[in-house]
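S.K.: Residue numbers (my numbering), protein chains in the order written: chain A, 1 to 711; chain B, 1001 to 1370.
Where is the CB? At the ideal position from N, CA and C, for every residue including glycine.
All figures in this text were calculated on a predicted structure; none of them were measured in a lab.
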């Protein structure tokens, strides 16, 4: 495509009053060497858009540099099919955050124009990835309430589903219950388990294939193109799969570790799961002597919220014990004693809690159980302290139920058995105590393996109603994955992105940094050790681009070269300080926009370049900048570590690691590594940003001007 | 460290509290707002938070012997502020009722007193007893000016019946209070009766006379005023009764006494205080503030008995002055019946609170529980 570039500057939103527009047009024409440079009063108005459309039609412009507002707004207005659009952010980054009609502000705006023009010249119009035709069948692993619901959701959307269950029957723990906690107003009475009707629906649905007594032996390939081997009682079958919903569920915490709460002391000390089995027989009889249990004690958080056992809350035990207290009242006309740390009955479950609490035969107290002992008559004594009843109390019960928590299947079973270079299971599950969870409230079902979506209790401890919601969410994510993969665009979080990494393989040294660093396991190696991309796994974060020491991985609209050319386009004065900021466009760039929105002011001597993720930050840019006489480079990215907020899980952390090796790069230039710094910011940190910039510039000023300026 | 308390839930006790006006007790979720807003609760081991969970667990043994249930004057602050509508004030009222029942003998009589279906039966007893006395030893409609002693001679008949009723009540109270003290005086506040007992008694009497504790109430502050009026009315009338007895036995001065007699200067204001006080009680209970209820049968039985005593007593005086014999003598009969009811059933009705509360207050003083 022959590029014809047009530069258009908007004068709306105070840009016209605050900047010398003539000067900007002159910079674009003379320095940017853009053939068509024009101004307009309000580019986003119907007249402005008509003006741009006419330009495209009449002047045959196919690459537009639009100097107006932030690229994060007015995306649709400035979307012209078939044209490459480069947005220069004069509004938020310049006029809304700096003194109007000031020499430094004008210099800042001019630099952004230069950088925008440089980028427009190097970037190319992207086209979606054209891969092999895909299969759109969804594999659901686990036939419990989540798996059955997910398979049904997928099938109702018109996609085929394969439901794999390791047991001989569908149902999971939901089918072991005598009753389930109420899901509907007025939340007063436990309900018949819902799972059985779900199972019937699943079995009757023509789009769902059920495979019981089956496990996933291995999963090979990438979204849309998985070959999944299913082992059914030793028979192996390979199925073509497009996306996977992992609903592998949970198991109860091992009660034999709860000797301190009396487990093993007597057969009458049982878990909440055993309690369901007893209730299923119609009357709750003591396992030891078959006598009807008239006083049943419940110890909450048995092995949960306990650093020695499970550090987390298992979410279902409080409601389960209240429900089982109801069994004691209804089936045995007995008394239920609940000894808890806190009763946690979120949302509308409060109504059920109130109802059960109001039952004269249900007694609750906060307390710490110190000992469980056996009475001479075979009953069980529970000794507790710090109770609301008194400092030290003793309860006598016929039956003791330990409200044990949930352990995710993924704690010690990879479940999907991926044949990925990076391992069989999902990475970093230890951050979530083995649950296949994510730190993001907005990416709940995403795992670190594109195409695999976790739902239900394998993701987080949750109740049946939440499992069903989770199943619906994961089913929609799986369908999104199929549709985006088919179109050759990124699945998430860059779900609009048609670009993809395109390496220049002739220069690859097989150093494998890209395969090691890719957070999503999208890069594999062939037999010779040469890396190759499985693009359907890729999320387009550009971590590989940042990692590659040969700088051979590029996207159509972002590459080491493009950013380098933008740095080169900056005007570096012979005297005075000039700084570069490279910022993550997910959190740091919106925060910078918010600085403008709030009309906070910051030092005009720094210019910002947004990149997809700090993971795509290549150290060579620091060398590029410093060797041009730029005095310092500030990186703004997401929080990393255990509580990371990076949209690509590892990007900012990897950038930080690379910064650790900065000294090597700078030794060559004999420059101080303190001239570059990475700061973690969140999207709502806008109020901190002017100070971060100010502090960084003060630090650089202390070091002094870059000695390379004179060259 | 305190000793280990053995938890023995009694569901029948819970149901009893619920039926006696504490039906909301299970709603408590132990936030302790009640103990925080209470102006009477001590800083250490405050009430009514702990009483609420004891009630919820059906721990009758803990509750009936608990001095704190009597340190509560039912101000209503806890009930007004309770975020769950558990009405701790009402629950403690019901617990006090059960405590009175627990320490009174015979138990069946206590149960009858607190059950509306036996009310007519209970009234029938003094009605028949006094009616029979008049029938055999007196005259239902004497001739001449209205002189109540013509209906039934004070000695031996009236005195014998009423001193008997009072003696019975005192005996039942004595038994109950002794048992109560035994239960009360255990850890964590075990006290020894030493020389400071009388000091404590004196302080409690002063407290009661001026309603010092009661007047710390906020939500139900008005109750302390009406209660004080009723209380002072009773104190005055008690003195009047003793005075009249001295007239009868020592000075042999026949009733009725003239309006100029100093005894009337005390009797009439006391009667007015009682009437006014009980009227305020009835009126205020019609519009209880905040979430508080109008009260249980247990409360209302005593209110109506006192009202009956006060109204019939006042009417006796007025009807005598008016010389309306046909109305005056039946009213006097009803007055005797209501006073008998008040005396005889005192250990079982809410009247018993004066004895147990006073005991608990003395105990609390000795235990420095304030």
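1. Compare the beta carbon distance of residue 995 (chain B) and residue 1274 (chain B) with 8 Å and say whether it is the shorter of the two.
2. Could you name the residues of the stretch 1023-1048 of chain B whose beta carbon sits closer than 8 Å to any beta carbon of chain A, in the order they occur along the chain?
3. Any C-beta of chain A sitting closer than 8 Å to the C-beta of residue 1009 (chain B)?
4. If you follow the beta strand (DSSP E) that residue 1250 (chain B) is in, where does it begin and where does it stop?
5. With burial defined as no fewer than 16 other Cβ atoms inside 10 Å of the residue's Cβ, what is the status of residue 7 (chain A): buried or exposed?
6. Report the rounded CA-to-CA distance for residue 549 (chain A) versus residue 228 (chain A), giving the unit in angstroms.
7. Ignore the nearest five residues each way along the sequence and tell me which others in residue 1172 (chain B)'s own chain have a CB closer than 7 Å to its CB.
8. Who are the neighbours of residue 1006 (chain B) on chain A, taking C-beta pairs under 7 Å?
9. Tell me whether residue 186 (chain A) is buried or exposed, calling it buried when 16 or more other Cβ atoms sit within 10 Å of its Cβ.
10. Measure the beta-carbon distance from residue 507 (chain A) to residue 522 (chain A) and round it to whole angstroms, keeping in mind my assumption that it falls under 8 Å.
11. For residue 584 (chain A), name the three-state secondary structure that DSSP assigns.
12. So who's on the other strand from residue 215 (chain A), going by DSSP bridges?
13. Does the stretch 284-303 of chain A touch the stretch 325-332 of chain A, meaning 3 or more C-beta pairs lie closer than 8 Å?
14. Hey, is the stretch 1347-1363 of chain B in contact with the stretch 1143-1162 of chain B, meaning 3+ C-beta pairs nearer than 8 Å?
15. Along chain B, which residues have their Cβ under 9 Å away from the Cβ of residue 335 (chain A)?
16. Flag this pair as yes or no: are the beta carbons of residue 313 (chain A) and residue 300 (chain A) separated by less than 8 Å?
17. Would you kindly check if the distance between the Cβ of residue 1093 (chain B) and the Cβ of residue 1021 (chain B) is under 8 Å?
18. Within 10 angstroms of its Cβ, does residue 696 (chain A) collect 16 or more other Cβ (buried), or is it exposed?
19. Would the stretch 1070-1079 of chain B count as touching the stretch 1035-1048 of chain B if we require 3 or more Cβ pairs under 8 Å?
20. Under 8 Å, Cβ to Cβ, is there at least one residue of chain B near residue 186 (chain A)?
21. In chain order, what residues of the same chain have a beta carbon less than 7 Å from the beta carbon of residue 1051 (chain B), not counting five sequence neighbours either side?
22. At which residues does the alpha helix (DSSP H) containing residue 1005 (chain B) begin and terminate?
23. Which residue wins for smallest C-alpha separation from residue 226 (chain A), given the options A:498, A:336, A:244 and A:183?
24. State whether the stretch 408-422 of chain A contacts the stretch 464-484 of chain A, with contact taken as three or more CB pairs (one from each stretch) at a distance under 8 Å.
25. With a threshold of 8 Å on Cβ separation, who are the neighbours of residue 1012 (chain B) within its own chain once the five nearest residues in sequence on each side are excluded?
26. May I have the straight-line CA-CA distance separating residue 14 (chain A) from residue 146 (chain A), to the nearest angstrom?
27. Residue 262 (chain A) and residue 380 (chain A) - do their beta-carbons sit closer together than 8 Å?
28. Cβ closer than 9 Å: which chain A residues qualify as neighbours of residue 1276 (chain B)?
29. Near residue 1365 (chain B), what residues of its chain come up, given a Cβ to Cβ distance below 7 Å and the 5 sequence neighbours on each side ignored?
30. Helix, strand or coil: how does DSSP classify residue 1042 (chain B) here?
31. Note down, in chain order, each residue of its chain lying with its Cβ closer than 8 Å to the Cβ of residue 251 (chain A), except the 5 sequence neighbours on either side.
32. Consult DSSP for residue 252 (chain A) and reduce its assignment to one of helix, strand or coil.
33. Note down the Cα distance separating residue 1001 (chain B) from residue 386 (chain A), rounded to an integer number of angstroms.
34. By the 9 Å beta-carbon criterion, what residues does the stretch 357-369 of chain A contribute toward chain B?
35. When Cβ atoms are compared, which residues of the stretch 170-195 of chain A fall closer than 7 Å to chain B?
36. Which residues in chain A have a C-beta closer than 8 Å to the C-beta of residue 1015 (chain B)? List them in chain order.
M.R.: Put simply:
1. Residue 995 (chain B) falls outside the range modelled here, since chain B spans only 1001 to 1370, and no answer is possible.
2. Of all residues in the stretch 1023-1048 of chain B, 1026, 1027, 1029 and 1030 have a Cβ within less than 8 Å of some Cβ in chain A.
3. At least one C-beta of chain A is nearer than 8 Å to the C-beta of residue 1009 (chain B).
4. No beta strand (DSSP E) holds residue 1250 (chain B); DSSP gives it neither H nor E.
5. Residue 7 (chain A) is buried by the Cβ-count criterion.
6. Cα to Cα, the separation comes out at about 35 Å.
7. So the qualifying residues of the chain are 1104, 1105 and 1347.
8. For residue 1006 (chain B), the neighbours in chain A by C-beta distance under 7 Å run, in chain order, 394.
9. Classification for residue 186 (chain A): exposed.
10. Not quite, the Cβ-Cβ distance comes to about 20 Å (not below 8 Å), so this is no contact.
11. In the three-state reduction of the DSSP assignment, residue 584 (chain A) falls in the strand class, which pools E and B.
12. DSSP lists A:231 as partners of residue 215 (chain A).
13. Yes: the two stretches touch, three or more of their Cβ pairs being nearer than 8 Å.
14. No contact exists between the stretch 1347-1363 of chain B and the stretch 1143-1162 of chain B.
15. For residue 335 (chain A), the neighbours in chain B by C-beta distance under 9 Å run, in chain order, 1009, 1011 and 1058.
16. Their beta carbons are not under 8 Å apart, which means residue 313 (chain A) does not touch residue 300 (chain A) by this criterion.
17. Contact flag set, yes.
18. It is buried - the Cβ of residue 696 (chain A) has at least 16 other Cβ atoms within 10 Å.
19. Yes, since at least three Cβ pairs between the stretch 1070-1079 of chain B and the stretch 1035-1048 of chain B fall closer than 8 Å, the two stretches touch.
20. Taking a beta-carbon distance threshold of 8 Å, residue 186 (chain A) does not count as an interface residue toward chain B.
21. Taken in chain order, the residues that qualify are 1063, 1066, 1068, 1069, 1092 and 1095.
22. First-last for residue 1005 (chain B): 1005-1007, but that is the beta strand (DSSP E), not the alpha helix (DSSP H).
23. Of A:498, A:336, A:244 and A:183, the smallest CA-CA separation from residue 226 (chain A) is found for A:244.
24. Short answer: they don't touch.
25. For residue 1012 (chain B), where only same-chain residues beyond five positions count, the Cβ hits under 8 Å are 1058.
26. Answer to the nearest angstrom: the Cα atoms are 53 Å apart.
27. Yes. Within cutoff.
28. Result: empty, since nearest Cβ-Cβ is about 41 Å, beyond 9 Å.
29. Close CB contacts of residue 1365 (chain B) within its chain, under the 7 Å cut and outside five residues either way in sequence, are with 1200, 1203 and 1204 (chain order).
30. Coil at residue 1042 (chain B), not helix or strand.
31. Excluding sequence neighbours, residue 251 (chain A) sits near 406, 407 and 409.
32. Residue 252 (chain A) sits in a strand when the DSSP states are folded into three classes.
33. Per-residue confidence for residue 1001 (chain B) stands at a pLDDT of 43, beneath the threshold of 50, marking its modelled position as unreliable; the derived number appears in the next sentence. Cα atoms of residue 1001 (chain B) and residue 386 (chain A): separation of roughly 11 Å, rounded to the nearest angstrom.
34. Taking 9 Å as the upper bound on Cβ-Cβ separation, chain B lies near residues 357, 358, 359, 360, 361, 362, 363, 364, 365 and 366 of the stretch 357-369 of chain A.
35. Cβ contacts with chain B come from no residue of the stretch 170-195 of chain A.
36. Ordered by position in chain A, the residues that pass the 8 Å Cβ test against residue 1015 (chain B) are 360.
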